[in-house]
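Participant:
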Amino acid sequence: MLSISVKEFLFWKKKQLSKGGNIQSFAVLLDCIGGIPTSELNLLKINPEGKLYLKKNLDYLCSVWEDHLFNSTPIQHLCGISFWRDLKLKVTNKVLIPRPETELIVEIVFKIFGEKSQKLFFAELGTGSGAIAIALALAYPFWEGIATDIDQDALGIAIKNFKDSSEQSNLRFCCGHWWNPLESFKGKLDLAISNPPYIPRDTYEELPEEVKNFEPKIALLGGEDGLEHIREIIQKAPLYLKKKGWLILENHFDQGEEVKKLLIKNYFTSVEIVKDLSGIGRFTIGRYK
Ligand code: GLN
Numbered sequence: 001m002l003s004i005s006v007k008e009f010l011f012w013k014k015k016q017l018s019k020g021g022n023i024q025s026f027a028v029l030l031d032c033i034g035g036i037p038t039s040e041l042n043l044l045k046i047n048p049e050g051k052l053y054l055k056k057n058l059d060y061l062c063s064v065w066e067d068h069l070f071n072s073t074p075i076q077h078l079c080g081i082s083f084w085r086d087l088k089l090k091v092t093n094k095v096l097i098p099r100p101e102t103e104l105i106v107e108i109v110f111k112i113f114g115e116k117s118q119k120l121f122f123a124e125l126g127t128g129s130g131a132i133a134i135a136l137a138l139a140y141p142f143w144e145g146i147a148t149d150i151d152q153d154a155l156g157i158a159i160k161n162f163k164d165s166s167e168q169s170n171l172r173f174c175c176g177h178w179w180n181p182l183e184s185f186k187g188k189l190d191l192a193i194s195n196p197p198y199i200p201r202d203t204y205e206e207l208p209e210e211v212k213n214f215e216p217k218i219a220l221l222g223g224e225d226g227l228e229h230i231r232e233i234i235q236k237a238p239l240y241l242k243k244k245g246w247l248i249l250e251n252h253f254d255q256g257e258e259v260k261k262l263l264i265k266n267y268f269t270s271v272e273i274v275k276d277l278s279g280i281g282r283f284t285i286g287r288y289k
């Protein structure tokens with residue numbers, strides 16, 4: 001541990017932020033590499049005469065920050081960690097960095113199912129870091145979940161994240177394409193949830209470097225029109241969902257109406273587009289008949 005005066009640290013922090021970036025990313029750096037949790041950071045200004053203990057020296061932290069700023073490396077990759085809801089998740093370039101707007105998908109589940117504690121079966125298709133499935137498994141210890149992913153490396157990360165987040169055993173992980181690993185759950189799922197790759201090809205090419213150069217294409221690109229995977233998930237959903245089972249999907253900002261149509265065409269009812277906190281129709285939900 002390195003000791004430094006609060007005054008010196010605050011001066012240094014201001015200098016780093018003046019180079020660019022945002023305070024949230026800087027807070028991730030200080031927490032994960034510097035060993036200063038955000039809660040402690042907020043208290044520093046109250047005691048400017050005090051001392052502070054860092055896990056790494058300021059020069060090292062500065063070099064990581066500059067790697068983030070000048071090479072567009074996501075801060076989550078440099079730190080190996082992403083904070084999402086109340087979870088601290090390991091991330092690498094094998095998984096999508098869970099997005100803040102996706103946090104709301106868990107609230108949609110809470111709204112539909114309330115605090116029901118009876119046993120339900122749920123699946124998350126394309127779990128990546130495991131964020132959604134882990135949040136649900138922890139919120140509903142009586143539910144049984146299965147999280148799938150086509151990439152074995154991604155699944156390894158999700159499994160580690162679940163083990164590190166809890167002692168629970170109500171979430172299993174299976175490798176495979178969308179519904180394929182769920183053969184034995186045909187007609188048994190009360191809920192299926194997915195944030196599949198939905199970026200249209202043209203849009204993908206224009207994504208910021210920070211995303212395009214570092215995050216897995218397979219987790220972002222949804223074919224020519226972005227809807228390739230959403231279409232497949234919806235078309236096969238009736239085989240796996242129980243009668244009245246729910247399907248909850250995240251989609252691109254302008255895909256809500258199209259996804260709604262697809263759900264209705266495949267005999268879903270109670271179909272609704274749910275807005276995210278920016279007022280974007282980010283999620284589309286429905287029940288199978
Ligand atoms: N929301 C993500 C992004 O904009 C895309 C996630 C996805 O394709 N499922 O980068």
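Heads up, the sequence shown stops at 289 in our numbering, and the numbers go up one at a time, no gaps.
Backbone N, C-alpha and C fix where the C-beta goes; we use that ideal spot for every residue, glycine too.
Would you say Glu209 touches ligand 1, meaning its beta carbon is less than 7 Å from a heavy atom?
Facilitator: Translated into positions along the sequence shown, residue 209 becomes position 209. Because no heavy atom of ligand 1 lies under 7 Å away, the Cβ of Glu209 does not count as near it: no.
Participant: Once the 5 residues before and after Phe291 are set aside, which same chain residues still bring their CB inside 6 Å of it?
Facilitator: The structure shown does not extend to residue 291, since the chain is modelled only from 1 to 289, so the question has no answer here.
Participant: I'd like to confirm something about Asn213: is its beta-carbon nearer than 7 Å to some heavy atom of ligand 2, or not?
Facilitator: This structure does not include ligand 2; its bound ligands are ligand 1.
Participant: I'd like to check one pair, Phe173 with Asn93: are the Cβ atoms closer than 8 Å?
Facilitator: The residue labelled residue 93 in the question sits at position 93 within the sequence shown. The residue labelled residue 173 in the question sits at position 173 within the sequence shown. Result no, Cβ atoms of Asn93 and Phe173 do not sit closer than 8 Å.
Participant: Quick check: the segment 210-229 against the segment 113-122, are there 3 or more CB pairs under 8 Å?
Facilitator: Touching, no, given that fewer than three Cβ pairs across the two stretches are closer than 8 Å.
Participant: Less than 8 Å between the CB atoms is what I'm expecting for Leu78 and Asp67, so what's the real figure, rounded?
Facilitator: Position 78 of the sequence shown, counted from the first residue, corresponds to residue 78. Position 67 of the sequence shown, counted from the first residue, corresponds to residue 67. In this structure, Leu78 and Asp67 form a Cβ contact; the two beta carbons are roughly 6 Å apart against a cut-off of 8 Å.
Participant: Any heavy atom of ligand 1 closer than 7 Å to the beta-carbon of Tyr198?
Facilitator: Stepping through the sequence shown from its first residue, residue 198 is reached at position 198. Yes, ligand 1 has a heavy atom inside 7 Å of this Cβ.
Participant: So does Asn195 have its beta carbon nearer than 7 Å to some heavy atom of ligand 1?
Facilitator: Along the sequence shown, read from residue 1 onward, the residue named residue 195 stands at position 195. Indeed, a heavy atom of ligand 1 lies less than 7 Å from the Cβ.
Participant: With hydrogens ignored, establish whether the beta-carbon of Leu263 is closer than 7 Å to any heavy atom of ligand 1.
Facilitator: Counted from its first residue, the sequence shown places residue 263 at position 263. No, ligand 1 has no heavy atom inside 7 Å of this Cβ.
Participant: Given the structure, does Arg99 come close to ligand 1, in the sense that its CB is under 7 Å from one of the ligand's heavy atoms?
Facilitator: Reading the sequence shown from its first residue, position 99 is the one you call residue 99. Answer for Arg99: yes, Cβ within range of ligand 1.
Participant: Would you say the segment 236-245 touches the segment 88-106, given that touching needs at least three Cβ pairs under 8 Å?
Facilitator: no
Participant: If we require 4 or more residues per run, which alpha helix (DSSP H) segments fall completely within the segment 21-105?
Facilitator: Considered as a whole, the segment 21-105 harbours 23-29, 38-44, 58-71, 75-79 as its complete alpha helix (DSSP H) runs of no fewer than 4 residues, in chain order.
Participant: Per the DSSP calculation, Arg282 is bridged to which residue(s)?
Facilitator: One-based indexing of the sequence shown puts residue 282 at position 282. None, per the DSSP bridge assignment.
Participant: Could you compute how far the alpha carbon of Leu41 sits from the alpha carbon of Lys19?
Facilitator: Indexing the sequence shown from 1 puts residue 41 at position 41. Indexing the sequence shown from 1 puts residue 19 at position 19. Rounded to the nearest angstrom, the two C-alpha atoms are 20 Å apart.
Participant: Just how far apart, CA to CA, sit Arg287 and Val271?
Facilitator: Position 287 of the sequence shown, counted from the first residue, corresponds to residue 287. Position 271 of the sequence shown, counted from the first residue, corresponds to residue 271. Going by the C-alpha atoms only, they are around 7 Å apart.
Participant: Measure from the alpha carbon of Gly126 to the alpha carbon of each residue in Pro141, Pro100, Glu107, Ile157, then state which is nearest.
Facilitator: Numbered from 1 along the sequence shown, position 126 holds the residue referred to as residue 126. For the options Pro141, Pro100, Glu107, Ile157, the alpha carbon positioned closest to that of Gly126 is the one of Ile157.
Participant: Looking at ligand 1, does it come within less than 7 Å of Leu10, judged from the CB to the closest heavy atom?
Facilitator: On the sequence shown, position 10 is the one that residue 10 refers to. Outside the cutoff, so no.
Participant: Taking only three categories from DSSP, how would you classify Asp276?
Facilitator: Here residue 276 refers to the residue found at position 276 when the sequence shown is read from its first residue. Three-state result, Asp276: coil.
Participant: Please determine whether the Cβ atom of Glu224 lies at a distance below 7 Å from any heavy atom of ligand 1.
Facilitator: As a working note, residue 224 is residue 224 in the sequence shown. For ligand 1, not one heavy atom lies less than 7 Å from the Cβ of Glu224.
Participant: If you draw a straight line from the alpha carbon of Leu262 to that of Lys119, how long is it in whole angstroms?
Facilitator: For the purposes of this step, residue 262 is identified with residue 262 of the sequence shown, where counting begins at 1. For the purposes of this step, residue 119 is identified with residue 119 of the sequence shown, where counting begins at 1. Between Leu262 and Lys119, the C-alpha separation is close to 29 Å.
Participant: DSSP has Ser5 in a bridge; who is on the other side?
Facilitator: Walking along the sequence shown from the start, residue 5 turns up at place 5. Lys51.
Participant: Please report the residue range of the alpha helix (DSSP H) in which Thr203 lies.
Facilitator: Counted from its first residue, the sequence shown places residue 203 at position 203. Taken as a continuous stretch (DSSP letters only), the alpha helix (DSSP H) holding Thr203 covers 201-205.
Participant: Short check: CB of Asn180 to CB of Glu250, under 8 Å?
Facilitator: Taking the sequence shown and counting its residues from 1, one reaches residue 180 at position 180. Taking the sequence shown and counting its residues from 1, one reaches residue 250 at position 250. Not closer than 8 Å, so no.
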